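For reference, the structure discussed in these notes is given below.
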Amino acid sequence: MLSLRPLFLAPARLLMGLLFLAPLIIVFVYSFLTRGAYGGQSLPLTAESFARLADPIYLRIVFRSFWIAGVSTVICVLLGFPLALFIARSRRRRNLWLGLVMLPFWTSFLVRTYAWMFLLRDTGLLNTILLSAGLIRGPLPLLYNDFAVVLGLVYGYLPFMVLPVYAALERIDPSLLEAAADLGAAPMTTLVRVIVPLSRPGIVAGAVLVFIPCLGAYLTPDLLGGGKSILIGNVVQNQFTNARDWPFGAALSLAVMAVVMVLLWAFRRGDREGFL
Amino acid sequence: MSRLLGLYAAAAFAFLHLPLLVLAIFSFNDSRFTVWEGFSLRWYRALLGDARLLEAVWNSLFVALFSTLLATVAGTLCAYGLWKRADRLLSASMYLSLVTPEIVTGVSLLAFFQWIFRSFDFRLGLHTVILAHLSFSIAYVVIVVLARLRTVDPSLEEAALDLGGTEFDAFFRVTLPSLLPGIAAAALLAFTISFDDYVITSLVAGVDSETLPMVIYGMARRGVNPEVNAVSSIIVTGLGILIVLAERLRED
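As you go down the protein sequences, you meet chains A and B in turn.
1 is the number of the first residue of the first sequence in my numbering; add one for each residue after it.
1001 is the number of the first residue of the second sequence in my numbering; add one for each residue after it.
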């Protein structure tokens, strides 16, 4: 009955092994190699690239990346929870609202980031409107700073927060809410003491799903940070292109992957309902 | 409280959708600046005269078509195999491939290709872009097709086997036909993520294999440009249609 199953799995096994696992192993090997004089990499094996991660310059960038990703995640929780609550409570148009949340996720991340350049720059739409309304005297510095980067990340990854929170809210038994109301809880009390605790697995799942891509973000800090808001992703990219220090870039990539795996492992242990 | 929630939701949807809407409106602006000076198609006409951009469009379509075709076949077969019996290693690596930050996927593929090039006479080009796109689109196909398979009754296949059909008959003549809408939806999604990708593509593309997102990135890096507004609007509209179509097929 199951005799042909390996045949069905073979193409995916081959492709995932060759194009996902093997490259990760290569990066692992490269991170222990020595950087050559002209940008190549060779033996002997060394842990020097990992030691350089402790360099204050890079340590500061790592710290900043965690900070930016953390702030973006918290904002996504605050913005995403009420939106998920709205969708979970609407009866007839649920699929429409979910579609409207997902649509921007599937449409070009690059274009969506560019749209914020168009809105935020000195002669962009927001500054033009504020100037012509007489609310400000000179253009506000909205683009090429941390504010723009966080805005871009929140805009880009908000759907990742809304969906798992919505899924958690949908599973809450309505009779629990009736019970809270019958026992005299005000709507706000029910929200804080019943709904939020019960939707916690969804919130944590959303936070993991938002934090990971924010931590490894490359495009958003590059375009909206304008070279002033450098995060880990930009350093990795630079080591593999201009700086040509592949062993160090590989060590940084592995450090990011280690954080990703620890987060997923920690989360899946507590995730009994299968949100991820 | 529910009125407040409704107002908030309206603001949140505006935040999600207004930026692209405004961009699309201004792509029809006659002026180069952010001041409305009348309706015009001049930036769209400018696109048609941009040879570099048009070549990039063809490259992107070529890459997206090929990687989608391969990812859909491999992903569908894989979903079917996983539906029969779970495979922890394969599921775990797909799951990890979905959450790995793009920049890490990109540099690891670059390192892998470079390592292969040492032994074989082989260069970066559109073929390496196709392979890279395959690595991240298979998992999407598996998820979408597997969701569809969960609605399929396994006893139908058992009936086919009891009636003397082979395992191939059971797959191709019983299960596969009922999966077609899901497979089509998966293919549309794989196409859009391939057509869109910049980060991974830019790392593994050769010098003469520029895709559309790479050209757009280059233009955007130099600042806001009305031609980019126009091409962005076309992309968002085109991909938006594909996504809505995919959702229709998925709910079917």
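Glycine included, C-beta positions come from ideal geometry on N, C-alpha and C.
Computed from a predicted structure; not experimentally measured.
Residue 1128 of chain B sits in a helix when the DSSP states are folded into three classes. Excluding the 5 residues flanking it on each side, residue 1107 of chain B has same chain C-beta neighbours closer than 7 Å at 1203, in chain order. Only 1073, 1074, 1075, 1077, 1078, 1080, 1081, 1082, 1084 and 1085 from the region 1073-1086 of chain B bring a Cβ to less than 8 Å from some Cβ of chain A. Nearest in C-alpha terms to residue 1126 of chain B, of all of B:1218, B:1209, B:1058 and B:1239, is B:1209. For residue 11 of chain A, the nearest beta carbon of chain B is closer than 8 Å to its own beta carbon.
At a cut-off of 8 Å, the C-beta of residue 1112 of chain B has a neighbouring C-beta in chain A.
Here DSSP, grouped into helix, strand and coil, assigns residue 1221 of chain B to helix.
Considered as a whole, the region 1159-1239 of chain B harbours 1176-1196, 1199-1204 and 1212-1221 as its complete alpha helix (DSSP H) runs of no fewer than 4 residues, in chain order.
Take the alpha-carbon of residue 247 of chain A and the one of residue 42 of chain A: they are about 9 Å apart. Looking at the DSSP output, residue 41 of chain A sits in a beta bridge with A:35. Contact check between the region 9-29 of chain A and the region 1181-1190 of chain B: fewer than three CB pairs, one atom from each, fall below 8 Å, which does not count as touching. In the DSSP assignment, residue 156 of chain A falls within the unbroken alpha helix (DSSP H) covering 146-170. Within 7 Å of the CB of residue 1241 of chain B, no CB atom of chain A is found; the nearest one sits about 10 Å away. Interface with chain B (8 Å Cβ-Cβ cutoff): residue 142 of chain A is excluded. Using a CB distance below 8 Å, the part of the region 1010-1033 of chain B facing chain A consists of 1012, 1013, 1015, 1016, 1017, 1019, 1020, 1022, 1023, 1026 and 1033, ordered along the chain. A straight line joining the alpha-carbon of residue 1042 of chain B with that of residue 1031 of chain B spans about 9 Å. With three or more CB-CB distances shorter than 8 Å, the region 115-124 of chain A counts as touching the region 223-233 of chain A.
In the structure shown, residue 1039 of chain B adopts extended strand secondary structure according to DSSP, grouped into three states. The count of Cβ pairs closer than 8 Å, one atom from the region 162-176 of chain A and one from the region 197-206 of chain A, reaches three, so the stretches are in contact.
Burial of residue 229 of chain A is indicated by the presence of at least 16 other C-beta atoms within 10 angstroms of its C-beta. Looking at the backbone, the Cα of residue 74 of chain A and that of residue 1152 of chain B are separated by about 40 Å.
Unbroken alpha helix (DSSP H) stretches of 4 residues or longer found wholly inside the region 186-260 of chain A: 187-190, 200-215, 219-224 and 232-240, given in chain order.
The region 1056-1065 of chain B and the region 1193-1202 of chain B touch, with no fewer than 3 CB-CB distances between them shorter than 8 Å. Across the region 48-71 of chain A, no CB contact with chain B closer than 9 Å is found for any residue. Its chain contains no residue whose beta carbon lies nearer than 7 Å to that of residue 1221 of chain B once the 5 sequence neighbours on both sides are disregarded. A:266 is the residue among A:147, A:266 and A:135 whose C-alpha sits nearest the C-alpha of residue 205 of chain A.
Those residues of the region 1211-1223 of chain B placed with their C-beta closer than 8 Å to a C-beta in chain A are 1213, 1216, 1217, 1220, 1221 and 1223, ordered along the chain. In this structure, the beta-carbon distance from residue 116 of chain A to residue 155 of chain A falls below 8 Å. Distance from residue 71 of chain A to residue 150 of chain A at the Cβ level is roughly 6 Å; contact confirmed, criterion being Cβ atoms closer than 8 Å.
Inter-residue distance for residue 1200 of chain B and residue 1098 of chain B is about 13 Å (C-alpha atoms, whole angstroms).
At the C-beta level, residue 3 of chain A and residue 1167 of chain B come within 8 Å of one another. As the crow flies, the alpha-carbon of residue 1012 of chain B is around 30 Å from that of residue 1214 of chain B. Residue-level contact by beta carbon holds for residue 26 of chain A and chain B, with a gap shorter than 8 Å. The distance from the Cβ of residue 1231 of chain B to that of residue 1053 of chain B is about 7 Å, consistent with a contact at the 8 Å cut-off.
With distances taken between CA atoms, residue 159 of chain A lies nearest to A:78 out of A:182, A:238, A:78 and A:8.
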